[in-house]
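Below: one structure, written as structure tokens.
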């Protein structure tokens with residue numbers, strides 16, 4: 419999964435899986451809007467009435483301000499929501 423943070427010209431920050439990025443266009447799916455909540459944040463589905471059988475959205479890059487990597491903890495949460503149902507547990511460390 420190629421998960422990125424997109425800042426749209428409307429001001430929305432969207433986390434989504436990038437499927438294709440070429441010729442000035444970007445195709446994504448499973449977009450989540452980032453909602454700041456004090457010291458933390460939440461998520462809301464970006465395109466709430468999209469056809470779940472065809473979840474891809476194609477953006478013209480002229481409407482995207484920037485694309486950035488997503489913090490590892492946020493990426494992990496995204497993968498729990500949209501990735502494989504198999505979740506690798508965190509490595510346990512021995513404290514001596």
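Residue numbers (the numbering used here): 419 to 514. Backbone N, C-alpha and C define an ideal beta-carbon position, used for all residues, glycine too.
Take residue 473 as the anchor and find which of 496, 442, 457 and 446 has the nearest alpha-carbon.
446
Start-end ranges of the alpha helix (DSSP H) lying completely within the region 472-513, minimum 4 residues:
490-500
Coil, strand or helix - residue 427 by DSSP
coil
Label residue 441 either buried or exposed according to how many other C-beta atoms from any shown protein chain fall within 10 Å of its C-beta, with 16 as the threshold for buried.
exposed
Just to confirm, is the Cβ distance from residue 479 to residue 444 under 8 Å?
yes
Can you look up residue 442 in the DSSP assignment and give me helix, strand or coil?
coil
Which of helix, strand or coil does DSSP assign to residue 458?
strand
Could you tell me which residues DSSP pairs with residue 434 in its beta bridges?
422
Quick one: what's residue 451 bridged to in DSSP?
432 and 462
Can you check whether the CB of residue 439 is closer than 8 Å to the CB of residue 450?
no
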